[in-house]
Amino acid sequence: TIGISLSPALTTSLGLDTLSINSSGSPSASIAAIDTAINTVSSLRGTLGAAQNRLSSTISNLGVAVENLSAANSRIRDVDVANETAQLTRNSILQQAAISVLSQANSSPQGALQLLG
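Mind the numbering: the sequence shown is residues 3 to 119 in my numbering, read in order.
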């Protein structure tokens, strides 16, 4: 999960709701309040930009994962079952023949010893 925590950017929360720019007010205080509001909004924009980058990266990674899963699914569906069954049978016969040859090789010396002994 990606969490984003933001404070509100309303004129009231930025302290701009009571701002007066007429000549009777303090222009330097108004400028300072506006500068503070600009900094706050810039910080919020930075937070949103960072979250957007994380989301873009996550979307890209998920796209790659979907493509990989689709390719794997295609390979599984495209397998030639008859050919694979024939290969399995062939390998099983070869394994049984190898076991038989090893069994014969182990019993031959024992038979020779019985004839001699």
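Beta carbons are placed, not taken as given, at the ideal position from N, Cα and C, and that holds for glycine.
Fair warning: this is a prediction, and the values are worked out from it, not measured in the lab.
For residue j and residue i, the rounded distance between their alpha carbons
i, j, result
"G45", "S7", "Sequence check: residue 45 is Ser here, not Gly. Using only the alpha carbons, I get a separation of about 12 angstroms."
"N121", "T87", "This structure cannot settle anything about residue 121, because the visible part of the chain is limited to 3 through 119."
"D37", "E69", "48 angstroms"
"Q54", "G48", "10 angstroms"
"S28", "S9", "27 angstroms"
"Q98", "N85", "20 angstroms"
"L117", "D80", "58 angstroms"
Chain-order list of residues whose beta-carbon lies under 7 angstroms from that of residue i (same chain, five-residue window excluded)
i, result
"A35", "G17, L18 and L21"
CA nearest to the CA of residue i, picked from the options
i, options, result
"I4", "A74, L71, T60 and Q98", "T60"
"T13", "Q98, I40, P29 and S30", "I40"
Where residue i falls: helix, strand or coil (DSSP)
i, result
"D19", "coil"
"D37", "helix"
"L50", "helix"
"P10", "coil"
Close-in-space but distant-in-sequence residues of the same chain around residue i (CB under 8 angstroms, 5 per side omitted)
i, result
"A11", "T42, V43 and L46"
Any non-hydrogen atom of the ligand FMN closer than 8 angstroms to residue i Cβ
i, result
"I4", "The ligand FMN is absent from the structure shown, which contains no ligands of any kind."
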